[in-house]
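Residue numbers (the working numbering): 498 to 644.
1) Where does residue 565 fall in DSSP's three states?
2) Using 8 Å as the threshold, is the segment 557 to 572 in touch with the segment 597 to 612, meaning 3 or more CB pairs across them?
3) DSSP state of residue 515, grouped into three classes?
4) Take residue 531 and list the residues in its own chain whose beta-carbon comes closer than 8 Å to its own, dropping the five residues that flank it on each side.
5) Report the start-end ranges of each beta strand (DSSP E) in the segment 590 to 637 that is 3 residues or longer and not cut off at the edges.
6) Where does residue 585 fall in DSSP's three states?
7) Using the beta-carbon count (16 or more within 10 Å), is residue 523 buried or exposed?
8) Are there 16 or more other CB atoms within 10 angstroms of the CB of residue 615, so buried, or fewer, so exposed?
9) Per DSSP, residue 510 is paired with what?
10) Give the DSSP-derived three-state secondary structure of residue 558 in the structure shown.
11) Where do the N-terminal and C-terminal ends of the beta strand (DSSP E) with residue 541 fall, by residue?
12) Could you compute how far the alpha carbon of residue 516 sits from the alpha carbon of residue 634?
13) Within the same chain, show all residues whose beta-carbon is closer than 7 Å to that of residue 579, passing over the 5 residues directly before and after it, in chain order.
14) Going along the chain, which residues of its own chain have a beta-carbon closer than 7 Å to the beta-carbon of residue 622, five neighbours each way excluded?
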């Protein structure tokens, strides 16, 4: 198998515009923690993730993540929040110059963009994230089962 690794590119606070505020059920202008990470497999960049969470709902999350690297484990252990439901949309986009440089690919390479909107057990939004996967290194497999 491949050896996974994560490199945090940036972690900081941004101000929510109307669209992001709606996705996280916060007021426009509210503080949002933005986590920008590079995912690697055997040392090779394979995806870039950008995750957004409400800073008000998860105070000190930035500090918690410095101690515990797993976001979902930290949400569960430090805030007693477990993600139970998510909507994911996968679409094709082309690598921008920024993406190409980070991932070591040619500008214009077809990429897979996965957008995730995740919720807790009470139906409250927890996370809005986008992950950009190298089109030449990934495939998604889905198994459908009839009830």
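Don't be surprised by glycine CBs; every beta carbon is placed ideally from N, CA and C.
In terms of the structure at hand:
1) Position 68 of the chain shown, counting from 1, holds the residue named residue 565. DSSP places residue 565 in coil when its eight states are reduced to three.
2) no
3) Taking the chain shown and counting its residues from 1, one reaches residue 515 at position 18. Helix.
4) To locate residue 531, count along the chain shown from 1; it is residue 34. The residues are 507, 508, 509, 510, 511, 547, 548 and 549.
5) 607 to 617 and 622 to 631
6) Numbered from its first residue, the chain shown carries residue 585 at position 88. Strand, per DSSP.
7) To locate residue 523, count along the chain shown from 1; it is residue 26. Label assigned to residue 523: buried.
8) Working through the chain shown from its first residue, we reach residue 615 at position 118. When all chains shown are included, residue 615 counts as buried.
9) For the purposes of this step, residue 510 is taken as residue 13 along the chain shown, with counting starting at 1. 530, per the DSSP bridge assignment.
10) Here residue 558 corresponds to residue number 61 of the chain shown, with the count starting at 1. The answer is helix: DSSP assigns residue 558 an H, G or I state.
11) Along the chain shown, read from residue 1 onward, the residue named residue 541 stands at position 44. Run containing residue 541: 541 to 551, per the beta strand (DSSP E) assignment.
12) Position 19 of the chain shown, counted from the start, is the residue given in the question as residue 516. Position 137 of the chain shown, counted from the start, is the residue given in the question as residue 634. Each residue's Cα considered, the two are about 31 Å apart.
13) For the purposes of this step, residue 579 is taken as the residue at position 82 of the chain shown. The residues are 573, 617 and 618.
14) Locating residue 622 in the chain shown gives position 125, where the first residue counts as 1. So the qualifying residues of the chain are 520, 521, 522, 614 and 616.
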